[in-house]
Structure formats: C-alpha cells, structure tokens
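Chemist:
2 protein chains.
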Amino acid sequence: MEAGDKRQVRATITDVAARSGTSIKTVSRVFNDEPFVRPETRRRVLEAAAALDYHPNMAARSLVRGRSFLIGLFYENPSPNYVVDLQTGALDRLHDERYRLLLFPCENARAVSGRLLQLARTSGLEGIVLAPPLGDDPQTVRDLVEARMPFVRIAPTTALDASPTVGIDDGAAAREMTDHLLSLGHRRIAFVQGDPDHPSNSQRLDGFRGAMQAAGATVDERLIEQGRYTFESGLAAGRRIFADRQRPTAVFAANDDMAAGVVVAAKEAGLDVPGHVSVAGFDDSLISRVTWPQLTTIHQPTYDMAHAATDALLALIEKRPLTPAIRLQHQLLVRGSTTRTASL
Amino acid sequence: MEAGDKRQVRATITDVAARSGTSIKTVSRVFNDEPFVRPETRRRVLEAAAALDYHPNMAARSLVRGRSFLIGLFYENPSPNYVVDLQTGALDRLHDERYRLLLFPCENARAVSGRLLQLARTSGLEGIVLAPPLGDDPQTVRDLVEARMPFVRIAPTTALDASPTVGIDDGAAAREMTDHLLSLGHRRIAFVQGDPDHPSNSQRLDGFRGAMQAAGATVDERLIEQGRYTFESGLAAGRRIFADRQRPTAVFAANDDMAAGVVVAAKEAGLDVPGHVSVAGFDDSLISRVTWPQLTTIHQPTYDMAHAATDALLALIEKRPLTPAIRLQHQLLVRGSTTRTASL
DNA sequence: TTGTAAGCGTTATCAA
DNA sequence: TTGATAACGCTTACAA
C-alpha cells in the first residue's frame, strides 16, 4: 500500500534512478544531454522516466543553477493590437528555448519608476524587455544598470546608457508620411500628437515639422492637437479639429488608433474620408485595416522589434556577442484614407 | 577583499542572519510574516536585509514548499482585443497575489491536444485557465483530470467533467440579438458563423435559428456563411453575401471582428450601413466601437470571465470552496449599425 | 521568542 | 562511463 500511495506524488530523479538501476547523476546526465552515457543506459533511464511520468522539477533546477530562465516584458497598454504584436514577437523568439515570459503591464511609466527593479527581483527575472516608453525613464534605466540586470529597450529615443536597443527611425518615417501628404497637394495639415511622455511622439512631431518646413509649408499651431495614443483621444482630437471652420485638408495622427478616431470624428461631422479630408496613421496595427477606408500608415515592425529585442536579451544574458543598436526598416503604406486634395 | 567580492553576488538569508545577529529561521519568520518575532528583532532583520538588498530566492522557496506559484493561461488568438481582455482580467486578479501568469498562445486546439499537460508539467504550472475553445477538447480535459491538474474552463459548451466553468449564455444572447433584428422589421437575415470548432459558434447559430423559427421567419440556408472569427473571414463572407442579387437586409455575425469585415464588404459593394443593410456583431470588443457606424453587439464580459476564472482557479489550487459553474450576464448593445429595414 | 538541524530535487565535484 | 556526496537557499519540525 505504501508504494501505491506514491502514485499521486510527482516522481523525482531518485525514483527514476531506482527504477532504472542507475544513479541520480546518470539520470541527470541523460536529461541534460551530457555525453558519456552508454546508449543502453540512456534507454533504460528514459524508459523508467516514461513509466514514472517523470518531469524534472524546475524549482530545483533553478535553485542549483542559480538561474530562473524567466524574462519579463514590461509595457504600457496603448493599444491591444500593439501589445499582442509585442508579446507574440517575444514569445516566438522564446519558442524552443527554456526561457519563459512573464508579463508586466504597467499603468504608466511614472508609476513603475523606481519600482521596476524590485518587481524584477522578487519575480526572479534574469532579464527584461522594456517596451516604449518605459525604456526612457532615467530612474528605471539607472536602477537596472546599477543592479547589472540585463535589459533591452525597444524604440527608445534617449541614449541613456549602453544597453542594447531596437527601433525604427520615427523621425524619418514621419517625414516620409508628411512628404506623401504634401505630394498629394495638401498644405493645411493637422497633426494629432500621442502621449507626450512617449518619446516616439516628439520624434514623429519633429519629423512632421521638418518635412513641412523643408517644403515651405506653414505649420498652423492651432492644428497641432494633443492626444494620448488611444482611439478615444483621437476621436476627441478629431472633433476639435473639425469643429473649426478653417478645416485642414489632411490629418496626420501619430498612431493608427488615434487616426481611426479621427476618421470617426470626420464621419460624425458629415465629412467624407478621403474626399473631404485625408487621414494618415502610424504603426500599421490591425485597426488600420479595419476602418473604412483603410488607413494610409507607416508599417512599424512591432513583432520584429520584440523578436529582435528578445534575441538581444538572450545574447546579453548568455554573454554572447550582440549588436548594440538594431534599427529595423519601416515602410510607408498608402491605402484608401489619403488622396489628392480637392482644392488643387 | 574577500568580503568586497561578495558585492556582485545576491545576498542570501544567511547573510541577512549574520548581519542582523540573528538566525536564518528568524529572518525567514520576518519575511513570511510569522508571529512571535519581537518588533526590535524584526527591525534589525529588515534593516540588514535592506542594507544587503536582500530578496528571497524564488526557486529555493518553490522547491521547499513544493509549489511554483505559476499559473498558465492557454488561448487561441482570434482577436487581439479579446486576448488582451482575457490577459488583463487574469492579471488583475493575480495582482497582490504571489502567483505569476504564464502565457500559452496556441495555434489551434488540435495542435495542443495531448501536449497541453506536458507543457504544463515542464513549466511547473500549478493550475490552468483554458480560454475557448481549448476547454472543449476532450483529450485535453481528460489528461488534466487524470493528472489532477487544477483547471478552469472559460465559456465551454460541453459538460466534459466537473471542473469549474465560467461563461455566458451564448444561445440566449444570440436569440436576443436576432429578436432585436426581427423587431426592426428584418426577415431576410444572413448569419456569418465563426470557427466551427468553437462551440460558442454553434450555440450562437442555434440561438439565431431558434429566434427566427419562433418568429415564424424562414432561414435561408444560402445566407448561412462560414467564417473563422477573423476580420478577413468576415470580409470574405460579406463579399459572398453581397455578391448575390437576393441581398439580405441584415447580417448577424458571430463576433465583432467578422462583423467589421462585413461592414467593409458592404462599403466595397457601395452599400450603406445601416441604410441598405444592418450589421450586428457579438463580443463588444474594441473593434465594435472603431468601425463606422459603431456595431450593435452583445457585450460579453471577457475581462470579468477571465477574472472570475482565475479567482476560481486560485480557490481550486488552495482547496477553498468555490462555485462550480459561474454564469455572467451578457448585454445587448444597440448602436449605429442596425436600423429599421427600409422595405417596411 | 528564538535557534538547530533536516530536508526539498536538482546539478557539480571528484573519485572510481 | 558511472556514482557518492556535497552544495544551492529556503521552510519546517522540533528544541530550547
């Protein structure tokens, strides 16, 4: 009866050793693909393991190796599309690795500032991926560097330290989009900013201003609206923009969620997109294909960035060589929401 | 110099005991909020811990307690909005608990069938939340039950076992939506099915048929289209529906993503929504508010379901009493995409 | 109220 | 090619 009672309990390495007539060290060797195990011995061990439904205990492994194989993804939650892309990129890189991903959705960068390291510590993380704008918080970066916690920043703007970095050239992309609108004859263009704390936002705004200036077009400051990267904030900004009698002929929003909001605001105001007003977004998130017309936007390879960031993080953790600053390609996607201005 | 070298290494309970002039057991007591520690002693311990930047080693804790405090969320990836709602619900419930959430996005239910238990084992999970349709895979459920792995199923349809369950009444909700369309005068109504493997789909279809029958309206089988719960599949279904000369006056899609696709298909076909055709969705995901017009839909409390499921799972793990089958309330949300039929 | 000693299930050392 | 045995950092009896 005593042996029978064991059934509920998870088999351990000792059980496998006993059943296979070997030692725990040999079983360990088999399960860690170490050399110098006779094929016959290996077979016996695996057989016993299968019979006992043995799985190595992660906690014990972690303890003795001094490693958790846990990495953390820290992000704010601007749009679900973006978040899922981020997660999927990281998870896909982790596939076939023994590492596991822990999620840390943060209310906002300020709330975790100074607390992030502690969170990582208590969770036993071995490394961290910081999605924007968390990678631009000086306190956080300082803490991590000081604690020698490996981390990689996605799309940061500030060069706060020597930690690896993955991103696109937001400024250049915004310039490209603005040039696109200018080439369609638009001169009176509104810009909807995202969260002022996201440095991507100021880069995009700068790109917009730069392109306008280069083309000799005036930027009407009353047409620079403040949003927060959410659909709702874009809707509100759009309503403000279209309430004015001096309407712009085009609106460039700093991300797709806001651009979708602008489109809805336009329709509320009885305006046709792109007939009366062209609307452009940024990110190429799912939402840009779901609105009607579909949004002209900048494809930002969120998935690839998360993938590359995770890849760099693993290299960092395992002390393999890596590229300190990876810059991925963006792409202008012209779709139905922008067209030649009617006033031409 | 030897003491100095220690700086890199993480402090252990022994270090804290030494520095505070106590024993490791006392330090352990302090960090586990056990009673019978003199306030003065507690202070000294905490002081030493702070000075050494001590954080308990999770692996060691897990090992000795025989617990990992890891729970897994398994889901397919129909729509990012749904996934994020799910995650947020689970994470919010876990907030302030020592449990951590591990993500397991699955390609499809069949791919993990038979492999899910092993995944859970090697990850050291203590419990599992199964999002639809994973909770309806007999093999998976059988494996988990047999292995005595605690799990909770979200929105399952099949009563495969006695594991706790959280969901809404999909059939009743679909009936309500159909009644809504009928009450607007629609009789020729198309239905876009979701993934045939999701049991929620058949329940919604049954609800649709039931309501139509009860109202004495005929269901034209050629208007029952097959989709896969994705935006693209809804778009394709919509194109097929509107290509026919005998157009319906309303389309009821089994989820919002597909309904959004139908709306785009309608616009492609030069049809006004809801002027020429009413479109209804299901789920109240973000996308339903992003299309224009906004979608009439069924609010499915995804967040609440994940929250409740996680809550039940913790109860299960900790052997606390729990409600075996939680049924949450849905809600019909009438928005701009449905209106009285013109033919009336 | 505090401390000693014995594990928890692995991997690493080193001898066989 | 294998196996005793000692860690790893913590919690849990059990004493004191």
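First to last, the protein sequences are chains G and B.
Under our numbering, the residues of the first sequence are numbered 892 to 1235, in order.
Under our numbering, the residues of the second sequence are numbered 892 to 1235, in order.
We put the beta carbon where it would ideally sit given N, CA and C, even for glycine.
(1) Between which two residues does the beta strand (DSSP E) harbouring L996/G extend?
(2) Counting Cβ pairs closer than 8 Å, one from the segment 1206-1226 of chain G and one from the segment 1181-1195 of chain G, do we hit at least three?
(3) May I ask which residues mark the beginning and end of the beta strand (DSSP E) holding A1144/B?
(4) How is A1171/B classed by DSSP in three states: helix, strand or coil?
(5) Could you tell me the boundaries of the beta strand (DSSP E) in which Y1120/G lies?
(6) Please report how far the alpha carbon of K897/B lies from the alpha carbon of Y1120/B, in whole angstroms.
(7) Reducing DSSP to helix, strand and coil, say where T979/G ends up.
(8) Beta-carbon within less than 8 Å of Q1220/B's beta-carbon, same chain only, minus the 5 sequence neighbours each way: which residues are those?
(9) Quick one: which chain B residues come within Cβ less than 9 Å of H946/G?
(10) Tell me I962/B's beta-bridge partners as DSSP assigns them.
(11) List, in order along the chain, the chain G residues whose C-beta lies closer than 9 Å to that of K1158/B?
(12) Mind checking if F1122/G is an interface residue toward chain B, Cβ cutoff 7 Å exclusive?
(13) Which chain B residues sit within Cβ distance under 9 Å of T1201/G?
(14) Expressed to the nearest angstrom, what Euclidean distance is found between the alpha-carbon atoms of A1053/B and P1215/B?
(15) Please report the distance separating the alpha-carbon of R1066/G from that of G1101/G.
(16) Kindly indicate the opening and closing residues of the beta strand (DSSP E) around F1042/B.
(17) Alpha carbon to alpha carbon, how far is R984/B from L1025/B? Give it in angstroms, no decimals.
(18) I'd like the list of long-range same chain contacts for L1073/B, defined as Cβ closer than 6 Å, with 5 residues on each side in sequence excluded.
(19) Could you tell me whether the segment 967-974 of chain G touches the segment 1119-1134 of chain G, where touching means 3 or more Cβ pairs closer than 8 Å?
(20) What would DSSP say about A1216/B, mapped onto helix, strand or coil?
(21) I want to verify the contact list: residues of chain B whose CB lies under 7 Å from the CB of N972/G, in sequence order.
(22) Can you tell which of R1113/B, M1103/B, S1014/B has its C-alpha closest to the C-alpha of A950/G?
(23) How would you call S1124/B, buried or exposed, if buried means at least 16 neighbouring beta carbons within 10 angstroms?
(24) Using DSSP with H/G/I as helix, E/B as strand and the rest coil, what is Q1137/B?
(25) Does the contact criterion of 3 or more C-beta pairs under 8 Å hold for the segment 1143-1155 of chain B versus the segment 1205-1214 of chain B?
(26) Are A939/B and S911/B closer than 7 Å when you measure CB to CB?
(27) Looking at chain B, is there any beta carbon in it that lies within less than 7 Å of the beta carbon of R1066/G?
(28) Shorter than 7 Å from the beta carbon of V1155/B to some beta carbon of chain G?
(29) For T1031/B, which residues in the same chain have their Cβ closer than 8 Å to its Cβ, ignoring the five residues on either side in sequence?
(30) Give me the Cα-Cα distance between R1231/G and H1077/G, rounded to the nearest whole angstrom.
(31) Would you say R898/B lies against chain G (beta-carbon separation less than 7 Å)?
(32) May I ask you to list, following chain order, the residues of the segment 979-1005 of chain B that have a beta carbon less than 8 Å from some beta carbon of chain G?
(33) Between which residues of its own chain and S1179/B is the CB-CB distance below 6 Å, once the five residues before and five after are set aside?
(34) According to DSSP, is T1182/B helix, strand or coil?
(35) With DSSP as the reference, label I1132/B as helix, strand or coil.
Modeler: Walking through what the data contain:
(1) Checking the sequence, you will find Pro at residue 996/G rather than Leu. It spans 991-996 - the beta strand (DSSP E) in which P996/G sits, taken as one unbroken run.
(2) yes
(3) 1141-1144
(4) strand
(5) No beta strand (DSSP E) contains Y1120/G, which DSSP labels as neither H nor E.
(6) Interpretation of K897/B is limited by its pLDDT of 34, a score under 50 that renders its predicted location unreliable; no figure is taken from the coordinates.
(7) helix
(8) I1059, P1192
(9) Q1009, R1012, T1013, G1015
(10) L992/B, G1018/B
(11) W1183, P1184
(12) yes
(13) The contacting residues do not exist; T1201/G stays about 13 Å from chain B at best.
(14) 7 Å
(15) 7 Å
(16) 1042-1045
(17) 21 Å
(18) A1106
(19) yes
(20) strand
(21) P971
(22) S1014/B
(23) buried
(24) coil
(25) no
(26) yes
(27) no
(28) yes
(29) A1000, V1003, S1004, G1005, L1007, L1008, L1021, L1025
(30) 7 Å
(31) Here R898/B scores only 39 on pLDDT, less than 50, and its place in the model is too uncertain to base an answer on.
(32) T979, L982, R991, L992, L993, L994, P996
(33) D1147, G1172, L1186, T1188
(34) coil
(35) helix
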